[in-house]
Amino acid sequence: NAGVMQNPRHLVRRRGQEARLRCSPMKGHSHVYWYRQLPEEGLKFMVYLQKENIIDESGMPKERFSAEFPKEGPSILRIQQVVRGDSAAYFCASSPSDRVSGNTIYFGEGSWLTVV
Amino acid sequence: GENVEQHPSTLSVQEGDSAVIKCTYSDSASNYFPWYKQELGKRPQLIIDIRSNVGEKKDQRIAVTLNKTAKHFSLHITETQPEDSAVYFCAPLSNFNKFYFGSGTKLNVKP
Numbered sequence: 001n002a003g004v005m006q007n008p009r010h011l012v013r014r015r016g017q018e019a020r021l022r023c024s025p026m027k028g029h030s031h032v033y034w035y036r037q038l039p040e041e042g043l044k045f046m047v048y049l050q051k052e053n054i055i056d057e058s059g060m061p062k063e064r065f066s067a068e069f070p071k072e073g074p075s076i077l078r079i080q081q082v083v084r085g086d087s088a089a090y091f092c093a094s095s096p097s098d099r100v101s102g103n104t105i106y107f108g109e110g111s112w113l114t115v116v
Numbered sequence: 117g118e119n120v121e122q123h124p125s126t127l128s129v130q131e132g133d134s135a136v137i138k139c140t141y142s143d144s145a146s147n148y149f150p151w152y153k154q155e156l157g158k159r160p161q162l163i164i165d166i167r168s169n170v171g172e173k174k175d176q177r178i179a180v181t182l183n184k185t186a187k188h189f190s191l192h193i194t195e196t197q198p199e200d201s202a203v204y205f206c207a208p209l210s211n212f213n214k215f216y217f218g219s220g221t222k223l224n225v226k227p
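Rendered as structure tokens:
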């Protein structure tokens with residue numbers, strides 16, 4: 001059972017370009033979370049999705065950031081017109097259901113974005 | 117959203133000593149309390165978790181204790197080893213199915 005798969009692992013973008021980060025959840029998992037981690041800091045919640053539905057995007061910046069989880073294919077976190085402050089590690093996590101048994105989340109290896 | 121605080125932010129212990137990290141949270145509806153370990157440049161990995169109907173859980177050298185009344189839970193590591201050096205995060209599950217991570221505790225185990 002493959003784990004949560006993220007790609008690319010490392011991405012370098014110039015200011016103003018677009019970054020697309022992809023996440024395939026674990027087999028059987030239907031819920032995806034995206035977190036951002038700045039150097040030496042904790043993980044900040046960005047968005048919580050299930051297939052074809054954004055459940056909670058309260059942690060997403062209002063501009064330039066968007067996320068989707070289509071019926072087919074991976075979840076995508078898209079950052080338009082990147083700026084230096086977007087440089088961070090972006091972690092995706094998945095869980096098998098929306099709850100209440102308290103299913104835990106499992107993280108991918110992360111995507112490290114560097115904006116130059 | 118949930119207010120999660122971890123203490124201490126850094127912890128240095130001698131190999132073989134015990135380490136305790138405390139996490140306080142604000143959402144009284146939280147019912148699932150995991151701890152994650154993150155090594156430099158790697159993903160967070162679940163090391164132990166506890167549900168609200170249990171007060172304590174142990175797994176070899178690692179234990180977690182929960183005080184729901186006071187809204188805090190703690191990670192206990194006994195007989196620490198250099199490979200325990202990492203950043204540890206608590207992440208209580210909120211009532212809205214989101215995991216809010218604490219700011220992390222950097223543990224350094226000195227050989």
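Note that the protein sequences, when read in sequence, are chains G and V.
Quick note: the first sequence uses the numbering used here, first residue 1, plus one each step.
Quick note: the second sequence uses the numbering used here, first residue 117, plus one each step.
Glycine residues also receive a C-beta, built at the ideal position from the N, C-alpha and C atoms.
Using DSSP's beta-bridge definition, name the partner residues of residue i.
i      : result
N7/G   : R22/G
F65/G  : I79/G
R13/G  : V115/G
I55/G  : I55/G is not bridged to any residue.
H31/G  : Q50/G and S95/G
S128/V : N224/V
V136/V : H192/V
F121/V : At residue 121/V the sequence reads Glu, which differs from the Phe that was named. Per DSSP, T140/V.
Measure how close the beta-carbons of residue i and residue j come, nearest whole angstrom, since I'm counting them as under 8 Å.
i      : j      : result
H188/V : C139/V : 6 Å
V129/V : T196/V : 6 Å
K158/V : I164/V : In fact, because the Cβ distance is near 18 Å, the residues do not count as touching under 8 Å.
V82/G  : V115/G : 5 Å
- When Cβ atoms are compared, which residues of the region 179-204 of chain V fall closer than 8 Å to chain G? Here the close residues number zero.
- Inside the region 140-217 of chain V only - alpha helix (DSSP H) runs reaching at least 4 residues: None, since the region 140-217 of chain V contains no complete alpha helix (DSSP H) of that length.
- Message: Quick check: the region 207-216 of chain V against the region 146-160 of chain V, are at least 3 beta-carbon pairs closer than 8 Å?
- Response: Yes, the region 146-160 of chain V is in contact with the region 207-216 of chain V.
- Task: Kindly confirm or deny that the region 9-21 of chain G and the region 68-77 of chain G touch, where touching means at least three C-beta pairs closer than 8 Å.
- Result: A contact exists between the region 9-21 of chain G and the region 68-77 of chain G.
- Message: I'd like to know if the region 150-162 of chain V and the region 198-205 of chain V are in contact, where contact means that at least 3 CB-CB pairs between them fall below 8 Å.
- Response: Contact between the region 150-162 of chain V and the region 198-205 of chain V is present, with at least three C-beta pairs closer than 8 Å.
- Task: Evaluate the contact criterion for the region 82-99 of chain G versus the region 26-37 of chain G: three or more CB pairs, one atom per stretch, below 8 Å.
- Result: A contact exists between the region 82-99 of chain G and the region 26-37 of chain G.
- Item | Selection of the region 152-172 of chain V by Cβ proximity to chain G, strictly under 9 Å | Of all residues in the region 152-172 of chain V, Y152, Q154, G157, K158, R159, P160, Q161, L162, D165, R167 and S168 have a Cβ within less than 9 Å of some Cβ in chain G.
- Query: Going along the region 138-150 of chain V in order, which residues come within less than 7 Å of chain G, judged by CB to CB distance?
  - Reply: Near chain G, meaning a CB-to-CB distance below 7 Å, the residues of the region 138-150 of chain V are N147, Y148 and P150.
- Query: Of all the residues that make up the region 208-227 of chain V, which are near chain G by a beta-carbon distance shorter than 8 Å?
  - Reply: For the region 208-227 of chain V, the residues whose beta carbon sits under 8 Å from a beta carbon of chain G are, in order, L209, F212, N213, K214, F215, Y216, F217, G218, S219 and G220.
- Message: Pairs of beta-carbons, one from the region 173-181 of chain V and one from the region 118-133 of chain V, closer than 8 Å: are there three or more?
- Response: Not touching, per the Cβ criterion.
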